[in-house]
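Residue numbers (my numbering): 287 to 850.
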């Protein structure tokens with residue numbers, strides 16, 4: 287009898303406990319059994335008292351009127367509203383779901399994780415108010431599946447609240463054979479810690495992949511910002527980098543940003559891309575200058591935060607800003623920029639970004655350093671150190687590439703070979719520094735004359751070349767070459783100043799055209815060089831087109847030949 291009674295109370299409710307007490311109080315009716323089962327009776331008294339006490343202090347449900355609770359869920363509701371020390375100690379929660387009515391019952395543990403009330407919920411929507419919208423449909427579908435043929439389910443979803451920020455939960459069903467109630471039921475687990483560990487590992491791995499494999503910092507940084515926002519629950523992120531302002535001063539500008547599709551953040555994005563901050567100005571400038579990360583609790587009320595108006599317009603509230611720093615070869619810290627992330631929630635108590643910021647910042651800093659070094663190597667390999675034009679080898683490679691493309695497309699282009707006249711007397715009279723001034727300033731003048739898409743190079747000494755890509759057909763190419771050559775001649779004739787002295791030079795220009803004067807780089811260069819030396823021999827400060835009416839013979843083209 288007592289064994290059956292004990293089995294009955296394996297899942298006691300308040301009514302069961304009350305009946306147990308009455309039953310024990312009436313034990314004098316069976317004196318012959320009470321002595322033999324006194325231990326069992328004491329256990330039942332203890333069990334009943336514990337649940338009676340729990341029932342008096344149990345949490346109340348928002349839905350106190352349980353008249354609409356489906357009969358299948360009544361016993362589950364009675365169990366759910368009793369505080370379970372095992373559930374609390376093991377950090378899990380329980381749920382029961384009636385698929386026919388879509389009603390749900392949550393224990394104290396499950397309700398606490400979801401941020402809702404304990405007990406009965408008439409709709410799934412009332413339980414999932416804090417679930418990330420992208421996960422709600424998947425979660426409802428899983429619960430509906432649990433009610434079909436008692437199928438076991440397991441799914442992971444995210445919740446967001448003001449205190450804890452983004453958290454991960456796992457919903458699992460209990461096998462039907464083990465379920466006490468006749469409706470699908472299961473447990474709810476908080477797997478945030480495990481997810482954070484996996485996210486940290488994945489972020490580090492994917493960030494390393496993007497940053498190590500890239501030759502452009504912008505694309506990789508934007509992808510890293512997206513990874514952080516999507517995995518850690520931030521709405522907006524950006525990377526600020528130094529740029530040169532007027533008079534050589536430095537300022538920070540928003541170079542790369544990312545935000546999700548939900549919610550309009552255009553006002554904040556526009557202001558961020560427009561504003562410039564000096565080192566030490568605003569939150570970003572202070573973080574860059576001090577090298578220390580900063581939380582911002584309320585962007586709208588923080589006067590250090592310069593974009594508080596647009597932040598308030600977009601409902602952004604909190605943020606985390608940290609520097610990107612690496613140590614140079616001489617042991618000094620160098621910060622190429624700053625990363626910032628913002629959320630519509632208040633500061634996240636268990637936010638993972640501070641734990642990852644050092645790793646992310648170091649990866650981006652190392653990538654920036656590597657790209658800077660690669661750019662330095664490229665500059666040394668491709669750029670003339672004096673004039674900052676393409677050097678001889680790089681100009682020849684560009685010319686080779688253009689010949690191949692023009693051959694495939696049937697296009698035409700022009701090549702100018704420029705030699706400065708009277709340059710040696712300048713060097714002899716004023717020294718090499720004066721000659722360098724002439725070369726640098728002439729290079730700058732020519733660079734401003736060349737249209738976009740064309741290239742200027744210094745081939746060595748006082749020799750320069752221009753690769754001119756036409757805007758239209760062949761007749762226009764001749765006119766463009768003629769006009770550009772005249773401008774170059776004028777640029778050479780303008781005086782140069784060194785140490786208070788005016789210096790004057792002139793130029794001779796030879797011109798060849800693809801494919802009329804050659805199909806390869808060597809042929810075009812020989813043609814332009816021959817035309818330049820012919821005009822240099824006959825006259826100075828002039829231009830000469832190479833013509834191939836005869837394989838060896840050079841001809842003047844009177845309409846386009848000029849001499850100063």
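For glycine and all other residues, C-beta sits at the position ideal for the given N, C-alpha and C.
Predicted model only: the values in this text are computed from it and were never measured.
Backbone CA spacing between residue i and residue j [nearest angstrom]
i           : j           : result
residue 614 : residue 801 : 50 Å
residue 701 : residue 754 : 6 Å
residue 611 : residue 625 : 11 Å
residue 805 : residue 679 : 19 Å
residue 423 : residue 511 : 27 Å
residue 794 : residue 775 : 8 Å
residue 644 : residue 418 : 28 Å
residue 620 : residue 551 : 31 Å
residue 812 : residue 661 : 32 Å
residue 530 : residue 480 : 44 Å
residue 582 : residue 783 : 54 Å
residue 710 : residue 565 : 47 Å
residue 659 : residue 669 : 15 Å
residue 394 : residue 420 : 25 Å
residue 717 : residue 724 : 11 Å
residue 414 : residue 360 : 21 Å
residue 769 : residue 762 : 10 Å
residue 579 : residue 639 : 11 Å
residue 720 : residue 779 : 16 Å
residue 608 : residue 490 : 17 Å
residue 696 : residue 756 : 13 Å
residue 363 : residue 450 : 28 Å
residue 515 : residue 396 : 27 Å
residue 748 : residue 738 : 24 Å
Anticipated Cβ contact below 8 Å, residue i with residue j, distance rounded
i           : j           : result
residue 542 : residue 521 : Incorrect: roughly 16 Å between the Cβ atoms, too far for contact.
residue 745 : residue 728 : Contact flag wrong, Cβ pair sits at about 14 Å.
residue 390 : residue 407 : 5 Å
residue 378 : residue 452 : Not quite, the Cβ-Cβ distance comes to about 20 Å (not below 8 Å), so this is no contact.
residue 412 : residue 402 : 7 Å
residue 590 : residue 623 : Residue 590 to residue 623, Cβ: 19 Å. No contact.
Residue i - DSSP class collapsed to helix/strand/coil
i           : result
residue 575 : helix
residue 447 : strand
residue 751 : strand
residue 618 : coil
residue 705 : strand
residue 583 : coil
residue 605 : strand
residue 743 : strand
residue 540 : strand
residue 510 : helix
residue 600 : coil
residue 717 : coil
residue 627 : strand
residue 591 : coil
residue 783 : strand
residue 796 : strand
residue 472 : strand
residue 545 : strand
residue 535 : coil
residue 770 : helix
residue 315 : With a pLDDT of 40 at residue 315, under the threshold of 50, the modelled position of this residue cannot be trusted; read the value that follows with caution. Here residue 315 sits in helix by DSSP.
residue 523 : strand
Same chain only: Cβ atoms within 8 Å of residue i, ignoring 5 sequence neighbours per side
i           : result
residue 432 : 383, 385, 438, 439, 459, 470, 472
residue 786 : none
residue 741 : 676, 681, 684, 752, 753
residue 381 : 390, 391, 392, 393, 396, 457, 471, 472, 473, 474
Sequence-distant residues of its chain with Cβ nearer than 6 Å to residue i (five each side left out)
i           : result
residue 553 : 596, 599, 600
residue 703 : 751, 796, 814, 815, 818
residue 358 : 384, 468, 469
residue 563 : 538, 570, 571
residue 517 : 485
residue 735 : 773
residue 655 : 612
residue 593 : 557
residue 356 : 384, 387, 389
Cβ neighbours of residue i in the same chain (closer than 7 Å, five flanking residues each side left out)
i           : result
residue 388 : 409, 410
residue 540 : 524, 526, 558, 559
residue 507 : 525, 542, 650
residue 441 : 424, 425, 428, 457
residue 672 : 722, 725, 726
residue 765 : none
| alpha helix (DSSP H) runs contained entirely in the stretch 634 to 709, provided each spans 4 or more residues | 639 to 668, 678 to 695
Taking only runs of the beta strand (DSSP E) that begin and end inside the stretch 376 to 410, which ones reach a length of at least 3 residues, in chain order?
Segments of the beta strand (DSSP E) lying fully in the stretch 376 to 410: 378 to 384, 389 to 392, 405 to 407.
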